[in-house]
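Asker: Order-wise, the sequence lines are chains L and C. Going by full-length UniProt numbering, 11 is the number at position 11 of the first sequence; the sequence numbering is gapless. Going by full-length UniProt numbering, 58 is the number at position 58 of the second sequence; the sequence numbering is gapless. We put the beta carbon where it would ideally sit given N, CA and C, even for glycine. Small disclaimer: the values here were computed from a predicted structure and weren't measured.
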Amino acid sequence: MASFPPRVNEKEIVRSRTIGELLAPAAPFDKKCGRENWTVAFAPDGSYFAWSQGHRTVKLVPWSQCLQNFLLHGTKNVTNSSSLRLPRQNSDGGQKNKPREHIIDCGDIVWSLAFGSSVPEKQSRCVNIEWHRFRFGQDQLLLATGLNNGRIKIWDVYTGKLLLNLVDHTEVVRDLTFAPDGSLILVSASRDKTLRVWDLKDDGNMMKVLRGHQNWVYSCAFSPDSSILCSVGASKAVFLWNMDKYTMIRKLEGHHHDVVACDFSPDGALLATASYDTRVYIWDPHNGDILMEFGHLFPPPTPIFAGGANDRWVRSVSFSHDGLHVASLADDKMVRFWRIDEDYPVQVAPLSNGLCCAFSTDGSVLAAGTHDGSVYFWATPRQVPSLQHLCRMSVRRVMPTQEVQELPIPSKLLEFLSYRI
Amino acid sequence: MDGEEKTCGGCEGPDAMYVKLISSDGHEFIAKREHALTSGTIKTTLGGPGQSAVNETNEVNFREIPSRVLSKVCMYFMYKVRYPNSSTEVPELPIAPEIALELLMDVSFLDWEIK
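1. What does residue 107 of chain C touch in chain L if you count any residue whose Cβ is under 8 Å from its own?
2. So, is the C-beta of residue 89 of chain C closer than 7 Å to a C-beta in chain L?
3. Just to confirm the assignment: which complete beta strand (DSSP E) runs, minimum length 3, are found wholly within the UniProt repeat "WD" (252–293) of chain L?
4. Write down the C-beta distance between residue 333 of chain L and residue 351 of chain L rounded to the nearest angstrom, noting that I regard them as a contact closer than 8 Å.
5. For residue 96 of chain C, which of L:103, L:410, L:387, L:330 has the nearest alpha-carbon?
6. For the alpha helix (DSSP H) holding residue 412 of chain L, just list the boundary residues, first then last.
7. Would you call the region 262–276 of chain L in contact with the region 297–314 of chain L, where contact means no fewer than 3 C-beta pairs closer than 8 Å?
8. Among all the DSSP beta bridges, which residues are the ones paired with residue 248 of chain L?
9. Using beta-carbon positions only, say whether residue 237 of chain L and residue 213 of chain L come within less than 7 Å of one another.
10. Could you check what DSSP says for residue 20 of chain C in three-state terms: helix, strand or coil?
11. Along chain L, in chain order, which residues have C-beta atoms closer than 8 Å to that of residue 18 of chain C?
12. State the CB to CB distance for the pair residue 335 of chain L and residue 327 of chain L, rounded to an integer number of angstroms; the pair is presumed to be in contact (CB under 8 Å).
13. Would you tell me roughly how many angstroms separate the C-alpha atoms of residue 84 of chain L and residue 67 of chain L, rounded to the nearest one?
14. What are the residues that DSSP puts in a beta bridge with residue 357 of chain L?
15. Give the DSSP bridge partners of residue 48 of chain L, in chain order.
16. Please classify residue 421 of chain L as buried or exposed, where buried requires at least 16 neighbouring CB atoms within 10 angstroms.
17. Run through DSSP, which three-state label would residue 15 of chain L get?
18. Go ahead and pull the three-state DSSP assignment for residue 302 of chain L.
19. Quick check: the Cα distance between residue 201 of chain L and residue 187 of chain L, rounded to an integer number of angstroms?
20. What are the boundary residues of the alpha helix (DSSP H) that includes residue 105 of chain C?
21. Can the beta-carbon of residue 185 of chain L be found less than 7 Å from the beta-carbon of residue 199 of chain L?
22. Is residue 123 of chain L helix, strand or coil when you go by DSSP?
23. For my contact list, residue 114 of chain L and residue 41 of chain L are in at a C-beta cut-off of 8 Å; report their separation, rounded to the angstrom.
24. For residue 401 of chain L, name the three-state secondary structure that DSSP assigns.
25. On the three-state DSSP scale, how would you describe residue 152 of chain L?
26. I need the DSSP call for residue 59 of chain C, collapsed to helix, strand or coil.
27. Quick check on residue 215 of chain L: does DSSP put it in helix, strand or coil?
28. So, for residue 261 of chain L: in the same chain, excluding its five sequence neighbours on each side, which residues have a beta-carbon less than 6 Å away from its beta-carbon?
29. Consult DSSP for residue 420 of chain L and reduce its assignment to one of helix, strand or coil.
30. Of all the CB atoms in chain C, is at least one closer than 7 Å to the CB of residue 362 of chain L?
31. Given that residue 80 of chain C touches chain L, what residues does it touch there, using C-beta distances under 7 Å?
32. Run through the region 163–228 of chain L for me and flag every whole beta strand (DSSP E) of 3 or more residues, listed as ranges in chain order.
33. Helix, strand or coil, according to DSSP, for residue 100 of chain L in the structure here?
34. Taking all protein chains shown into account, decide if residue 191 of chain L is buried (16 or more other Cβ within 10 angstroms of its Cβ) or exposed.
35. Whose CA, out of L:342, L:343, L:357, lies closest to the CA of residue 434 of chain L?
36. Quick check on residue 153 of chain L: buried or exposed, where buried means 16 or more other Cβ atoms within 10 Å of its Cβ?
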């Protein structure tokens with residue numbers, strides 16, 4: 001069973017450059033399970049990196065320090081090394097200006113992590129209007145952790161203190177995501193077949209329960225303008241929800257097995273989903289069309305084989321911030337970097353037992369977590385995007401596909417704008 | 001930028017390093033010839049690198065392209081040169097949505113070979 005299409009010579013695919021590793025500390029006792037690193041996350045402003053180290057702990061490291069360590073000490077960096085406290089250039093004595101490492105004991109196996117900021121991510125705003133209803137004294141950076149028993153704990157990143165304990169899910173909270181517009185709305189996806197919407201500015205009040213999944217919900221993701229939520233789950237489920245009215249917009253059909261990861265492109269025009277059926281699909285979320293298929297097994301499996309234990313489950317997918325590249329993790333011990341206009345990977349890197357991946361905030365590094373609690377980092381393939389692509393992203397941030405189709409422009413440009421090339 | 005003033009005179013002649021791009025509203029942008037020649041349309045007008053131009057002063061008049069678009073094009077030239085392909089951190093070039101569509105159409109008109 002090949003990992004690449006027949007016309008591709010595997011040896012010619014570029015290997016990605018490793019940046020570093022964060023290895024889990026050796027466990028005091030030898031346990032077969034409980035060490036998994038189910039999730040990694042970067043803070044929206046790039047200041048922190050968090051990963052669930054296994055054994056119920058989450059480690060928070062200031063990202064720039066981490067990068068510096070990699071450069072200074074070579075690629076290996078055992079996490080127990082003494083925490084360097086490099087003050088930022090403009091430290092004025094405030095706690096916030098000295099980013100510190102934290103190890104947080106969550107009390108239960110951590111399945112999901114998400115950073116939430118009361119500052120809106122730049123990409124989600126096409127025009128720079130700040131319209132917070134509540135202005136916090138200082139910009140808050142929160143870390144939400146989803147646990148095995150269904151609880152969600154909210155921590156303050158700068159101090160490492162527990163702020164809130166959200167109790168409602170009855171089963172594992174498999175994924176968490178904050179709305180990127182700074183509103184501190186948190187959505188949790190759980191094995192109890194529901195998603196719940198929490199308002200953290202209102203003391204963690206649970207605003208809504210999204211029902212519709214018939215089985216485990218694996219993952220969820222907000223569109224960059226915070227208007228749409230995608231949730232994916234077992235039994236081939238891919239749902240899109242309207243986050244103003246909390247209604248289901250549509251179901252996307254096409255996968256043959258459990259769908260376990262999803263991510264929007266930075267302009268909201270594309271949605272990537274990863275499934276145990278060995279494929280990653282790139283959809284147009286506005287009309288449900290499948291635009292690209294990234295296969296991890298060749299020849300492509302028949303639906304029956306795809307729907308079972310085919311040894312080539314894709315575990316995670318992540319969109320890069322340039323809107324041109326996608327990274328995927330599969331069970332064949334490889335990380336693949338794809339361009340959205342090619343159906344074979346442009347770069348690969350070896351990784352055993354990978355479970356989750358995430359691009360750093362500036363898109364230059366990909367972090368992947370593994371079964372033994374470690375994290376590995378690679379440099380992402382970067383290139384200057386074409387002027388046409390930059391324009392396309394700028395237009396698509398504000399215009400859905402239906403509007404694009406109405407534009408009085410030549411058909412070739414229409415297709416380009418709709419990502420149909 | 002000192003060379004800029006002298007080089008305006010260097011916009012003349014077949015071996016000029018710089019060319020002048022003029023927008024529809026009369027703004028003049030001076031760009032390196034090799035960057036401007038990535039456009040098939042400009043290449044045709046100017047006659048390719050090193051060749052003597054029909055228009056001796058190495059100017060190209062864009063009667064349909066306004067300065068708000070042409071300025072972005074010139075910014076893109078510098079952005080592309082500033083961050084070569086091997087660099088790992090390439091920030092995004094901000095393009096306001098109001099001009100993005102117009103820019104996209106004009107770039108296509110210019111038959112740009114930017115990939």
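Answerer: Let's see:
1. 387, 388, 391
2. yes
3. 259–264, 271–275, 279–284
4. 6 Å
5. L:387
6. 411–417
7. yes
8. L:241
9. yes
10. strand
11. By Cβ distance, chain L contributes nothing, its closest Cβ being about 20 Å from residue 18 of chain C, past 8 Å.
12. 6 Å
13. Only weak support exists for where residue 84 of chain L lies, its pLDDT of 36 falling under 50; the value from the coordinates is given anyway. Each residue's Cα considered, the two are about 12 Å apart.
14. Answer is L:368, bridged to residue 357 of chain L.
15. According to DSSP, which records beta bridges pairwise, residue 48 of chain L is partnered with L:62.
16. Exposed: under 16 other Cβ atoms inside 10 Å.
17. strand
18. coil
19. 13 Å
20. 97–109
21. yes
22. In this prediction, residue 123 of chain L scores a pLDDT of 45, lower than 50, which makes its location untrustworthy; no coordinate-derived value is stated.
23. 6 Å
24. Secondary structure of residue 401 of chain L (DSSP, three-state): helix.
25. strand
26. Residue state, collapsed to three classes: strand.
27. coil
28. 219, 274, 316, 317
29. coil
30. At least one CB atom of chain C sits nearer than 7 Å to the CB of residue 362 of chain L.
31. 384
32. Complete beta strand (DSSP E) runs here, min 3: 173–178, 185–190, 194–199, 205–211, 217–222.
33. coil
34. buried
35. The structure shown does not extend to residue 434 of chain L, since chain L is modelled only from 1 through 421, so no value can be given for it.
36. buried
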